[in-house]
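Student: Got a structure for you, questions after.
Protein chains: 4
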Amino acid sequence: MDTISDDLARAVAAKMYESDRAARAMGIEILEVREGFARVAFVVRDDMLSGHNIAHGGFIFALADTAFAYACNSRNRATIALQCTISFTKPGKAGARVTATAVERAKGGRTGTYDVDVVDDEGTTLAIFRGTSYGVAGSFV
Amino acid sequence: MDTISDDLARAVAAKMYESDRAARAMGIEILEVREGFARVAFVVRDDMLSGHNIAHGGFIFALADTAFAYACNSRNRATIALQCTISFTKPGKAGARVTATAVERAKGGRTGTYDVDVVDDEGTTLAIFRGTSYGVAGSFV
Amino acid sequence: MDTISDDLARAVAAKMYESDRAARAMGIEILEVREGFARVAFVVRDDMLSGHNIAHGGFIFALADTAFAYACNSRNRATIALQCTISFTKPGKAGARVTATAVERAKGGRTGTYDVDVVDDEGTTLAIFRGTSYGVAGSFV
Amino acid sequence: MDTISDDLARAVAAKMYESDRAARAMGIEILEVREGFARVAFVVRDDMLSGHNIAHGGFIFALADTAFAYACNSRNRATIALQCTISFTKPGKAGARVTATAVERAKGGRTGTYDVDVVDDEGTTLAIFRGTSYGVAGSFV
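In structure tokens:
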């Protein structure tokens, strides 16, 4: 069941997305946001392919990092990425629709830990990501 | 002094860059490549800014990852990123020219470890990155 | 249901544990091993406490790393840790019995990715760990 | 040249070491501490060997983590490890004397990033470690 916190999370996400030129330029859609949770997706375009003719790791990271950002900012406190780690498990194919789902694993004081799974439309896990967040001054709505 | 290995590294980089649509679309220039080493740069464009009005972490990662890729493929053996970690130390500003320099820290069997420093044109370190690479089948030239 | 692969995993673990002086010196017990999976535990002794009077991060890591090692060696191919990352979420208390559970997240070629959760006897998650493994020459049984 | 800050760092280290039972039980010596810097060492004992008959990764990590702890607490503000990453580059041999040297790479607000190199007495790099720290309430001296 959705809560007031989830409504706030969605309001924050809508506000963030307005000014998130990078996410929009990459064609990232915000599919679902709740407190401490976000799911986003994009399609691997030709201008996202690396020299190995697969999705450039930078764009796979950017998708995961976007899910992380919408999840860790969901309580309306401005929060930044301190440190992220990503394991690339399978190559992303041109034209694939790829979804990144961020869940909160730990929260304490001003810091948090989030896990993001990146999965394509055939159900293949392309990458697993873990981010450490840090709350700073400011809010969105 | 440059060596035959460095000439090979440059030939590999030239070949990789031809098919590296992602790097070209981000405006990444390959400034210098030697055996186990690469230096690349881009300018933070408006379509690379996140909701906090700073360079999206995904593009900072993509720049670092590109330096890593050119360094770890420099011996003409196809090599992929297995795992990467990035610490964001300062925000990247719109319009800044940002350079990523990758150096080889360890090499053994099919795996390697590379450190990448990401620095803007004021000398501020924006991020430090570490990548683990894995050699697969194939070569470039 | 257990499989022949799980029997092999247990035989490997028994053999590894015989020569694993570090695990025995830390009082680590191997609770359960299956293909790509391991669960181990120890009690936080006084000589494992750091200057903050909590479990030294090194011992929490060592417990997680041990679960990772028994999981990634479970197919009877000698496998080493290439890279590990750990997030400390809560302090470990003196005298607590702590369990680390390793699951395989990805496997491909000679490399693998494992997630390990470290939880105390009150159900508190003390740390989350992710390890990248690399298969080398040799076997156990 | 040493500064008043370095004197404080040494006073903090002396105080921390008194209650750091884990470091003393592992035979870790604190060789040098300055502001944002620490160098520590131990000898790989037989009870630190894993099933592969090399130094257990947990003890290599514990040594690096100890250098990190003394470096990030050196300003007399209680500081904890939030997240650490370690790459294992060569196995540690029984009887080797191993040194870990921590340097500060970034510092901002309550967080910091530290790099630790772990090197044996033959000059071989066994591991490279990176830690993210977080300042909490409390001081040492």
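Protein chains in written order, with our numbering: chain X, 5 to 145; chain A, 5 to 145; chain E, 5 to 145; chain Y, 5 to 145.
Virtual Cβ for every residue (Gly too), placed ideally from N, Cα, C.
Remember, it's a predicted structure, so these values are computed and weren't measured experimentally.
Using the beta-carbon of each residue, which ones in chain Y are nearer than 8 Å to Gly112(A)?
Tutor: By Cβ distance, chain Y contributes Thr93, Lys94.
Student: Output the distance between the C-alpha atoms of Met20(A) and Ala42(A), rounded to the nearest integer angstrom.
Tutor: Between Met20(A) and Ala42(A), the C-alpha separation is close to 13 Å.
Student: Can you round the beta-carbon distance between Val123(A) and Thr129(A) to whole angstroms, since I take them to be within the 8 Å contact cut?
Tutor: With 8 Å as the limit, Val123(A) and Thr129(A) qualify as a contact, their Cβ atoms being about 5 Å apart.
Student: With distances taken between CB atoms, is the gap from Ala45(A) to Leu53(A) smaller than 9 Å?
Tutor: Not closer than 9 Å, so no.
Student: Against chain X, does Cys88(A) count as a neighbour if the rule is that its beta carbon must be under 9 Å from one of theirs?
Tutor: Judged by the 9 Å Cβ criterion, Cys88(A) is in contact with chain X.
Student: Among Ala82(E), Ala75(E), Gly135(E), which one has its Cα closest to the Cα of Asp10(E)?
Tutor: Of Ala82(E), Ala75(E), Gly135(E), the residue nearest in Cα terms is Ala75(E).
Student: Could you compute how far the alpha carbon of Pro95(Y) sits from the alpha carbon of Val107(E)?
Tutor: Looking at the two C-alpha atoms, the distance is approximately 24 Å.
Student: Strictly under 9 Å for the Cβ-Cβ distance: is Ile64(X) near chain E by that measure?
Tutor: No, Ile64(X) does not count as interfacial toward chain E.
Student: The alpha helix (DSSP H) spanning Thr70(A) covers which residue range?
Tutor: Residues 61-76.
Student: Looking at chain X, which residues of the stretch 18-35 of chain A have a Cβ within less than 9 Å of any of its Cβ atoms?
Tutor: Answer set for the stretch 18-35 of chain A: Lys19, Met20, Tyr21, Glu22, Ser23, Asp24, Arg25, Ala26, Ala27, Arg28, Ala29, Met30.
Student: Ser23(E) by DSSP, collapsed to three states: which one?
Tutor: Ser23(E): helix per DSSP, three-state reduction.
Student: Just verifying my parser: in three-state terms, what is the DSSP assignment at Ala51(X)?
Tutor: With the sequence shown as reference, residue 51(X) is identified as Asp, and Ala is not the correct amino acid for it. Correct three-state label for Asp51(X): helix.
Student: Count Cβ pairs between the stretch 62-76 of chain Y and the stretch 65-72 of chain E that sit closer than 8 Å; are there 3 or more?
Tutor: Counting Cβ pairs under 8 Å, three or more are found: they touch.
Student: Is any beta-carbon of chain E found at less than 9 Å from that of Ile8(Y)?
Tutor: Output row for Ile8(Y): interface = no.
Student: Give me the chain Y residues within the contact set of Tyr138(X), using Cβ-Cβ distance strictly less than 7 Å, ordered along the chain.
Tutor: Correct list: Thr115.
Student: Pop quiz: Asp51(E) and Arg49(Y) are said to be a contact at Cβ under 8 Å. What is the actual Cβ separation, rounded to whole angstroms?
Tutor: Not confirmed; about 13 Å, so no contact.
Student: So with CB distances below 8 Å, who are the chain A contacts of Arg134(Y)?
Tutor: Those are Thr89, Ser91, Ile132, Arg134, listed as they occur along chain A.
Student: List the DSSP bridge partners of Asp121(X).
Tutor: Looking at the DSSP assignment, Asp121(X) forms a beta bridge with Thr105(X), Ile132(X).
Student: For a test of the three-state rule: what should DSSP assign to Val16(A), helix, strand or coil?
Tutor: Helix at Val16(A).
Student: Please check if any C-beta of chain E sits within less than 9 Å of the C-beta of Thr129(X).
Tutor: Judged by the 9 Å Cβ criterion, Thr129(X) is in contact with chain E.
Student: Under 9 Å between C-beta atoms, does Asn80(E) make it to chain Y?
Tutor: No - not a single Cβ of chain Y is within 9 Å of the one on Asn80(E).
Student: Using the C-alpha atoms, what's the distance from Arg28(A) back to Gly116(X)?
Tutor: Near 35 Å, if we compare the C-alpha coordinates of Arg28(A) and Gly116(X).
Student: Leu53(E) touches chain Y at which residues, Cβ-Cβ below 7 Å?
Tutor: Within 7 Å Cβ-Cβ: Arg25, Ala26.
Student: Please list, in chain order, the chain Y residues whose beta carbon lies closer than 9 Å to that of Gly99(E).
Tutor: Residues of chain Y passing the Cβ test: none, with the nearest at roughly 14 Å.
Student: I need the straight-line Cα distance from Ala141(X) to Ala73(X), nearest angstrom please.
Tutor: Each residue's alpha carbon lies about 15 Å from the other.
Student: Against chain X, does Asp69(A) count as a neighbour if the rule is that its beta carbon must be under 9 Å from one of theirs?
Tutor: Yes - at least one Cβ of chain X is within 9 Å of the one on Asp69(A).
Student: Give the secondary structure of Ala141(Y) by DSSP, where H, G and I count as helix, E and B as strand, and everything else as coil.
Tutor: Here Ala141(Y) sits in coil by DSSP.
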